[in-house]
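The numbering of the sequence shown is my numbering, which starts it at 8 and goes up by one.
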Amino acid sequence: MKVLTVANRKGGAGKSTCAAHIAYEAVKSGLKVILIDMDPQKTLESWWQKREEENPFLVDTSADDLPDMLHKLALKNFDLCVIDTPGDASINASAGVKAADLILIPSKPTPPDLAAIGRTISLVEENKKGYAFVITQGIVRTKATLQAASVLSQFGAVAPSVISNRTSYANAMGQGVSAGSFDKVAEEEISNVWNFISGRLFDEQKNNKQKLTA
Ligand SMILES: Nc1ncnc2c1ncn2[C@@H]1O[C@H](COP(=O)(O)OP(=O)(O)OP(=O)(O)O)[C@@H](O)[C@H]1O
Ligand SMILES: [Mg+2]
């Protein structure tokens, strides 16, 4: 089981929206997915509560119990665990980062969000974790979005698609669905971001397998 943690110490970056949409896309690609919402606001959990399908599944845990919980989940044949974290420096946020195979850092393409990104990068690097960025709530091909991609790419890989500023994302969170269910542009964006993330999470495993048999 791979663990993807969505983190940004800035509030409102789009973490929960990304976590829900990535999990949805992972399920669509055939994976058995478990959600863990480490944020007391429970935005991801309330999206999940509105869903009818059981996959993605959801489980409650505390920061202290997270490592044991992940061990148990791996034994239950989950392929992917998506952890949403609060936008602060709490023990819940750091537990989510510590447990990750990869951290997805969503960021809005605005000067205050970019100026604050160093705090998140420090947290992730202190824990020696791999990370990648996705620009959220941006408008495609605007100067701000292009500049944000250029700034973020100095620190790490940036997802090839922006999750753009579309009401379909906010509506989807309120209805327990994916924005792609009623918005073709969003469907393509999320699919591109998921392909990028799944490549980073799972292809490394494939490479290791090749090395063992060589
Ligand atoms: N791509 C988008 N287009 C339009 N609105 C969006 C998009 N992504 C997020 N939002 C809206 O922005 C707000 C913050 O998004 P979200 O809750 O995903 O951020 P967050 O980083 O999880 O916030 P918090 O730090 O409070 O947990 C919400 O109202 C959400 O509906
Ligand atoms: Mg959130």
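Each residue gets a CB set at the ideal place from its N, CA and C atoms; glycine is no exception.
With C-beta atoms as the reference, is residue 185 less than 8 Å away from residue 177?
no
Would the segment 62 to 78 and the segment 42 to 50 be scored as touching if the rule is three or more Cβ pairs under 8 Å?
yes
CA-to-CA distance, residue 203 to residue 214, given in whole angstroms:
Bear in mind that the predicted position of residue 214 carries a pLDDT of just 46, short of 50, making it unreliable; the figure below should be weighed with that in mind. Residue 214 and residue 203: Cα-Cα distance of roughly 16 Å.
Take the Cβ of residue 133 as the centre, count every other Cβ of all protein chains shown within 10 Å, and call the residue buried at 16 or more, exposed below.
exposed
Going by the CB atoms, is the gap between residue 100 and residue 14 shorter than 8 Å?
yes
Cα-Cα separation between residue 183 and residue 102, rounded to whole angstroms:
26 Å
C-beta contact flag for residue 12 and residue 141 at 8 Å
no
Separation of residue 206 from residue 164, as counted between CA atoms:
12 Å
In chain order, what residues of the same chain lie with their CB nearer than 6 Å to the CB of residue 136, ignoring the 5 residues before and after it?
107, 110
Could you check what DSSP says for residue 119 in three-state terms: helix, strand or coil?
helix
On the three-state DSSP scale, how would you describe residue 213?
Since pLDDT at residue 213 reaches only 49, below the 50 mark, its modelled position is unreliable, and no value is offered.
Cutting at 6 Å between CB atoms, please list the residues of its own chain near residue 23, excluding the five before and the five after it.
50, 51, 91
Is the distance from the Cβ of residue 93 to the Cβ of residue 47 below 8 Å?
yes
Ignoring anything shorter than 4 residues, give me the alpha helix (DSSP H) runs that lie fully in the segment 98 to 167, in order along the chain.
98 to 105, 118 to 122, 124 to 133, 150 to 159
By the DSSP assignment, the alpha helix (DSSP H) with residue 75 in it spans what residues?
73 to 82
Is there contact between the segment 79 to 87 and the segment 51 to 60, where contact requires at least three CB pairs shorter than 8 Å?
no
Taking 7 Å as the cut-off, is the beta-carbon of residue 155 closer than that to any non-hydrogen atom of ligand 1?
no
Could you have a look at residue 13 and say whether DSSP puts it in helix, strand or coil?
strand
Report the rounded CA-to-CA distance for residue 128 versus residue 159, giving the unit in angstroms.
10 Å
Buried/exposed call for residue 120, threshold 16 Cβ in 10 Å
buried
Confirm, please, whether the CB-CB distance from residue 171 to residue 187 is below 8 Å.
no
Any non-hydrogen atom of ligand 2 closer than 7 Å to residue 67 Cβ:
no
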